[in-house]
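As they're listed, the protein sequences go chains A and B. For the record, in the first sequence the residue sitting at position 105 is 101 according to our numbering, with numbers rising by one throughout. Each number in our numbering corresponds to the 1-based position in the second sequence with 29 added. Virtual Cβ for every residue (Gly too), placed ideally from N, Cα, C. None of the values given here were measured: they were computed from a predicted structure. Below is one structure; the comments refer to it alone.
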Amino acid sequence: AQKVTQAQTEISVVEKEDVTLDCVYETRDTTYYLFWYKQPPSGELVFLIRRNSFDEQNEISGRYSWNFQKSTSSFNFTITASQVVDSAVYFCALSPSGTYKYIFGTGTRLKVLA
Amino acid sequence: NAGVTQTPKFQVLKTGQSMTLQCAQDMNHEYMSWYRQDPGMGLRLIHYSVGAGITDQGEVPNGYNVSRSTTEDFPLRLLSAAPSQTSVYFCASSSGQIETQYFGPGTRLLVL
Chain A
-3 AQKVTQAQTE
7 ISVVEKEDVT
17 LDCVYETRDT
27 TYYLFWYKQP
37 PSGELVFLIR
47 RNSFDEQNEI
57 SGRYSWNFQK
67 STSSFNFTIT
77 ASQVVDSAVY
87 FCALSPSGTY
97 KYIFGTGTRL
107 KVLA
Chain B
30 NAGVTQTPKF
40 QVLKTGQSMT
50 LQCAQDMNHE
60 YMSWYRQDPG
70 MGLRLIHYSV
80 GAGITDQGEV
90 PNGYNVSRST
100 TEDFPLRLLS
110 AAPSQTSVYF
120 CASSSGQIET
130 QYFGPGTRLL
140 VL
């Protein structure tokens, strides 16, 4: 079975705090892709990052960083020094290679309070 | 480029009515897909297409039909709307499986 679990339904932090959003996935495929998307209050979905299963290097992009660990089937997302504009719903997604099917997690709503 | 466009933005239907949700992209993407977003459920794949003339079912295809006669357009048809189809529908496109999926702004559908 293929599944993405985002156990944190909602997280509230105060501005400038660091916050980590968890993503755990299940798949039997050896080749797959993982994604993070952001859905701000306006409703559109914004691509943040793509990672393939053979690339376990962590990635940093400004205040955003991602920790991919195949051993624990996790692809966690950290926002450093959070800002009010980071308030959104964040989705993690899995796509097994060759399937063209994307399995999304249920999302984590992040509220950053001023 | 307009990217991915969806019409209408909002629609109210009565049970049993039919309608078509339109989706178009101007990026010459081969891959297009339809998702529905329900509270607490995330996004679930309804149907997808890997090119003109080629479609396949996703996770929740029942009650929906699709066709792909051109690269640009991928309409989603509800033949007989049911209250369970009340949802927000997103269309997406990409140039390939591993490439970025670009999402449309969504269509909010209410079935009474």
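Quick one: is residue i buried, meaning 16 or more other Cβ sit within 10 Å of its Cβ, or exposed?
| i | result |
| --- | --- |
| residue 3 (chain A) | exposed |
| residue 66 (chain B) | buried |
| residue 87 (chain B) | buried |
| residue 109 (chain A) | exposed |
| residue 130 (chain B) | buried |
| residue 78 (chain B) | buried |
| residue 30 (chain A) | buried |
| residue 53 (chain A) | exposed |
| residue 113 (chain B) | exposed |
| residue 107 (chain B) | buried |
| residue 39 (chain B) | exposed |
On a CA-only basis, which of the options is nearest residue i? Give me that one, please.
| i | options | result |
| --- | --- | --- |
| residue 97 (chain B) | B:90, B:105, B:91 | B:105 |
| residue 138 (chain B) | B:100, B:64, B:95 | B:64 |
| residue 35 (chain B) | B:114, B:132, B:141 | B:132 |
| residue 46 (chain A) | A:40, A:62, A:58 | A:62 |
| residue -2 (chain A) | B:37, B:60, B:48, B:73 | B:73 |
| residue 70 (chain A) | A:41, A:78, A:101 | A:101 |
| residue 100 (chain B) | B:37, B:108, B:59, B:116 | B:59 |
| residue 102 (chain B) | B:50, B:134, B:38, B:115 | B:50 |
| residue 66 (chain A) | A:24, A:78, A:79 | A:24 |
| residue 13 (chain A) | A:41, A:76, A:72 | A:76 |
| residue 52 (chain B) | B:118, B:71, B:109 | B:118 |
| residue 72 (chain A) | A:11, A:9, A:103 | A:103 |
| residue 78 (chain A) | A:1, A:0, A:10 | A:10 |
| residue 75 (chain B) | B:69, B:115, B:95, B:57 | B:95 |
| residue 56 (chain B) | B:30, B:68, B:90, B:70 | B:30 |
| residue 109 (chain B) | B:140, B:68, B:84 | B:140 |
Assuming residue i contacts residue j (C-beta within less than 8 Å), just tell me the rounded distance between them.
| i | j | result |
| --- | --- | --- |
| residue 32 (chain B) | residue 54 (chain B) | 7 Å |
| residue 15 (chain A) | residue 7 (chain A) | 6 Å |
| residue 28 (chain A) | residue 106 (chain A) | That pair is no contact at about 25 Å. |
| residue 111 (chain B) | residue 92 (chain B) | 7 Å |
| residue 37 (chain B) | residue 40 (chain A) | Actually they do not touch by this definition, with Cβ atoms about 16 Å apart. |
| residue 61 (chain B) | residue 121 (chain B) | 7 Å |
| residue 68 (chain A) | residue 49 (chain A) | Actually they are not in contact, since the Cβ atoms of residue 68 (chain A) and residue 49 (chain A) sit about 14 Å apart, beyond 8 Å. |
Should residue i be flagged as near chain A, meaning a C-beta pair shorter than 8 Å?
| i | result |
| --- | --- |
| residue 134 (chain B) | yes |
| residue 140 (chain B) | no |
| residue 118 (chain B) | no |
| residue 126 (chain B) | yes |
| residue 70 (chain B) | yes |
| residue 77 (chain B) | yes |
If you measure from the beta carbon of residue i to each beta carbon in chain B, is any gap under 8 Å?
| i | result |
| --- | --- |
| residue 64 (chain A) | no |
| residue 52 (chain A) | no |
| residue 96 (chain A) | yes |
| residue 29 (chain A) | yes |
| residue 40 (chain A) | yes |
| residue 104 (chain A) | no |
| residue 58 (chain A) | no |
| residue 100 (chain A) | yes |
| residue 43 (chain A) | yes |
| residue 70 (chain A) | no |
| residue 87 (chain A) | yes |
| residue 24 (chain A) | no |
Given 8 Å, three or more beta-carbon pairs between the stretch 18 to 36 of chain A and the stretch 68 to 88 of chain A: yes
Counting beta carbon pairs with one atom in the stretch 40 to 48 of chain B and one in the stretch 52 to 68 of chain A, are three or more of them shorter than 8 Å? no
Contact the stretch 84 to 98 of chain A vs the stretch 120 to 127 of chain B: 3+ CB pairs below 8 Å: yes
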